[in-house]
Structure formats: C-alpha cells, structure tokens
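A.B. asks: Just passing along the structure, written as structure tokens.
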Amino acid sequence: MSSVKIECILPKNCRCGESPVWEETSDSLLFVDIPAKTVCRWDSLTKQVQQVTLDAPVSSVALRQSGGYVATVGTKFCALNWEDQSTVVLATVDKDKKNNRFNDGKVDPAGRYFAGTMAEETAPAVLERHQGSLYSLFADHHVEKYFDQVDISNGLDWSLDHKIFYYIDSLSYSVDAFDYDLQTGQIFNRRSVYKLEEEEQIPDGMCIDAEGKLWVACYNGGRVIRLDPETGKRLQTVKLPVDKTTSCCFGGKDYSEMYVTCARDGMDPEGLLRQPEAGGIFKITGLGVKGICPYPYAG
Ligand SMILES: O=C(O)[C@H](O)[C@@H](O)[C@H](O)[C@H](O)CO
Ligand SMILES: [Zn+2]
C-alpha cells in the first residue's frame, strides 16, 4: 500500500498556473502563469525558478526537439529561446476572433503541437461560449483545424499505443476520446469516456500514466482524479489543499512524482486566507504509478 504525500514545493502565487511539463535534461519543471504572461522553469536540484515574461497571455509550453521550447502565446504558436528570452511566431490562429486566446496545449507522439482556443474570460469559466477551436501545428509549421464550437479547450493526451486522443472541453464536464491516426494526425469518432460528478467540478488539465490511466485536474474541485478510460470508472481521488487545481504532469526521477499547478484568480480574500498556498506548485509522491516522458515538438 503506497502512502500518498502532497507538498507545496514552490510558493509561487500564480494567478493561473498551467501546463506543467517535466524537462528531464535539466531536472526541471516548466509551467506557465497565463494572465501573468510568464513561462517559468523550476530547477528541482537548486530549487531556483527562472522566468520569461512575454507580451500576451501564455497558456502552454512544450519541449522542442531542436532546442528551446514552443509556447502558445495569445493566438500564436511561438518558438521560445530561453537563453535570450526571444520568441519567433510560427503560426497564428483565430485571426477573425480578437477576443480569443489559446488555452491548454501538448505535443503528440509524432511531434505535432496540439492546442485549442477559447474566448477570454471575464471571470473564471465566465466567457462567450462556442468561440474556441482545436488546432495542431505540424513540424513544417502548417496548422490544421480539427473542430470549432469549443467553450474552454483544455486537457489533452494520447493513449500509450497512440491510437486514442483524449480531450477535455471544460464546460462539457466530460473527458472525451477520439480514434487517433498517428501517421496523419487526424481524429475520428468522438465519444465521452467519463462525466464528472458534481463535487468534482470543472475538468481542466490532464495527463496519462504508464498504465494508460488518465489523471484529470479538477478546477474548483481541489483534486486530481485517476480514471480508467476503458471502463469509464474513477479509480482514485487525490485531494489537494487548494480548490483551483488546473493541471498535472508526471516528472522527477523515473517520472514517479506528480506535479500539479493551480490558480489564485477568482478566489476571494477569505478563500486566500484559508488556502494560502493557492497559486503554488504541488508535488504528489507515493502514487505507486509512474508517468511517461513528454514528447518534444518536431519542428
Ligand atoms: O486553466 C485553464 O485552462 C483556464 O485558462 C482557466 O481560466 C480555468 O482553468 C478555467 O476557467 C476553468 O475552466
Ligand atoms: Zn487548463
């Protein structure tokens, strides 16, 4: 029986922490603070955090095969050079939707950078609906659009055999699956694999573990849940001392630790007194299951 331990490893006051990604080569955790327009890198050995501030909300970050990172910034897919803090725009989406921005993004096993958009929120989960779309940036920098009518494009990951794409549109309160063609990057046959229960609140970021089970961060639910996408059953709930848990990834030695981001925005003063670690980065150990390493963008 494993004993689960949860600790705040970085008291960060993120307004909306998101997109945790483990970088093995630097023993670091990358993440973003969306409204603060920052990409952060926490070195697990020195415990130091470095950050780069960009010129628009940055909603996800990913590794890049050729070095440095890629990030979704406003409605642009960008390359990010960490050393000189410069960005290069690789592609722009939603040009006709001035109030839109990207939200969560992740690289597929073939190196395509998937990310979806949403209308800018006036308050957490309050926004003009059906404005978002799901896209991916191929290695040659062309963009494909999969579908529109998305409310809040959020968590995404792929099955271990690369044949299924899992996706969350938060306001559907559902974790969905598509058949996935890794060769072409096409998706087919959408269906729901899990509907959130009321106390689980809003499904946000997601990652898969080495047993093919899904971990979903529940915004306002203060927890991550482990799901079996084959049976549609919840296998485990891990509660955190903060309500606005936004995303999760595996990292650390052998990907045996889970890192969780969360938000402060939308909390009232009383809530912030009760949950002073809101906006910090959390580490969960003792889960007894490992994750898999993140795929780097191929372009
Ligand atoms: O982190 C995200 O994905 C969004 O950008 C956030 O704003 C919240 O999570 C959302 O409001 C809850 O659905
Ligand atoms: Zn999210």
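So for the sequence shown, full-length UniProt numbering puts the first residue at 1; every next one is plus one.
Where is the CB? At the ideal position from N, CA and C, for every residue including glycine.
Being a predicted model, the structure only gives us computed values, none of them experimental.
1. Classify PRO276: buried if its beta carbon has 16 or more other beta carbons within 10 angstroms, exposed otherwise.
2. I'd like the span of the beta strand (DSSP E) that includes ARG41, first residue to last.
3. In chain order, what residues of the same chain lie with their CB nearer than 8 angstroms to the CB of MET206, ignoring the 5 residues before and after it?
4. For the segment 62 to 78 and the segment 16 to 34, state whether three or more C-beta atom pairs, one from each stretch, are separated by less than 8 angstroms.
5. Taking a contact to mean a Cβ-Cβ separation below 8 angstroms, would you say THR261 touches CYS14 in this structure?
6. Pull up the DSSP beta-bridge partners for ALA91, would you.
7. When we look at the beta-carbon of GLU200 and count the other beta-carbons within 10 Å, is it buried (16 or more) or exposed?
8. From the DSSP output, in three-state form, read off GLU83 for me.
9. What residue from THR122, SER86, GLN131 and MET258 has the CA that sits closest to residue 304's CA?
10. Pick from LEU90, LYS47, ARG41 and GLU230: whose alpha carbon is nearest that of GLU83?
11. Could you check whether ALA139 and GLY299 sit closer than 8 angstroms to each other, using their CB atoms as the reference points?
12. Out of ASP108, VAL193 and MET267, state which residue places its alpha-carbon closest to the alpha-carbon of ARG234.
13. Would you mind listing the beta strand (DSSP E) stretches within the segment 203 to 275 that are 3+ residues and don't spill past its ends, in chain order?
14. Under a three-way DSSP split, which group does THR117 fall into?
15. Reducing DSSP to helix, strand and coil, say where LEU10 ends up.
16. Taking the alpha carbon of GLN149 as the reference point, which residue from ILE164, GLU128 and GLY279 has its own alpha carbon closest?
17. Sort out for me which residues DSSP pairs CYS16 with in a bridge.
18. Please find out if some non-hydrogen atom of ligand 2 comes closer than 7 angstroms to the beta-carbon of ASP176.
19. From LEU182 to ASP243, what does the alpha carbon distance come to, in whole angstroms?
20. Helix, strand or coil for residue 303 per DSSP?
21. Whose C-beta lies closer than 8 angstroms to the C-beta of LEU45 among residues of the same chain, with five residues either side of it excluded?
22. To the nearest angstrom, report how far apart VAL93 and PRO124 are at their CA atoms.
23. Using 8 angstroms for Cβ pairs, my map puts LEU240 next to ARG223. What's the rounded Cβ distance?
24. Roughly how many whole angstroms lie between the Cα atoms of SER172 and ASP43?
25. Give me the Cβ distance between LEU134 and GLY212, rounded to the nearest whole Å; I'm assuming they're in contact under 8 angstroms.
26. Is DSSP giving THR72 helix, strand or coil here?
27. Taking the C-alpha atoms as reference points, what is the distance between LYS47 and ILE281?
28. Would the C-beta of ILE20 count as close to ligand 1, meaning under 7 angstroms from any of its heavy atoms?
29. Could you check how far apart the C-beta atoms of ALA62 and LYS106 are, in whole angstroms? I think they sit under 8 angstroms.
30. Is DSSP giving SER174 helix, strand or coil here?
31. So, ASP108 versus SER59, is the Cβ gap smaller than 8 angstroms?
C.D. replies: For this structure:
1. It is exposed - the Cβ of PRO276 has fewer than 16 other Cβ atoms within 10 Å.
2. If you look at ARG41, you'll find it in the beta strand (DSSP E) that goes 38 to 43.
3. Residues ASN154, GLY155, LEU156, ASP157, TYR166, ILE168, VAL175, LEU214, TRP215, VAL216, ALA217, SER247 and CYS248 of the same chain have their beta carbon placed closer than 8 angstroms to that of MET206, with the five preceding and five following residues left out of the count.
4. Counting C-beta pairs closer than 8 angstroms gives three or more between the segment 62 to 78 and the segment 16 to 34, which meets the contact rule.
5. The answer is yes: Cβ separation under 8 angstroms.
6. Beta-bridge pairing links ALA91 to PHE77.
7. Classification for GLU200: buried.
8. Three-state DSSP puts GLU83 in coil, outside helix and strand.
9. As shown, the chain starts at 1 and ends at 299. That puts residue 304 outside it, with no answer to give.
10. Nearest C-alpha to GLU83: ARG41.
11. Yes; because the gap between Cβ atoms is below 8 angstroms, this pair is in contact.
12. For ARG234, the nearest C-alpha among the options comes from VAL193.
13. Qualifying beta strand (DSSP E) stretches, in chain order: 214 to 219, 223 to 228, 233 to 239, 245 to 251 and 257 to 262.
14. Judged by DSSP in its simplified three-state form, THR117 adopts strand.
15. Here LEU10 carries a strand assignment [DSSP, helix/strand/coil].
16. Minimum Cα distance to GLN149 is reached at GLU128.
17. As a beta-bridge residue in DSSP terms, CYS16 pairs with ALA263.
18. Not so, every heavy atom of ligand 2 lies at least 7 angstroms from the Cβ.
19. Straight-line Cα distance between these residues: approximately 36 angstroms.
20. Nothing about residue 303 can be reported from this structure: the residues present for the chain run from 1 to 299 only.
21. Contacts found: ASP27.
22. Whole-angstrom Cα-Cα distance: 23 angstroms.
23. Confirmed, about 6 angstroms.
24. Looking at the two C-alpha atoms, the distance is approximately 36 angstroms.
25. Not a contact, Cβ separation roughly 22 angstroms.
26. Three-state DSSP puts THR72 in a strand.
27. Going by the C-alpha atoms only, they are around 12 angstroms apart.
28. Just to set this straight, residue 20 is Pro in the shown sequence, not Ile. No, Cβ of PRO20 sits at least 7 angstroms from all heavy atoms of ligand 1.
29. Contact holds; Cβ gap of about 7 angstroms.
30. In the three-state DSSP reduction, SER174 falls in the strand class (E or B).
31. For the 8 angstroms CB-CB criterion, ASP108 and SER59 do not form a contact.
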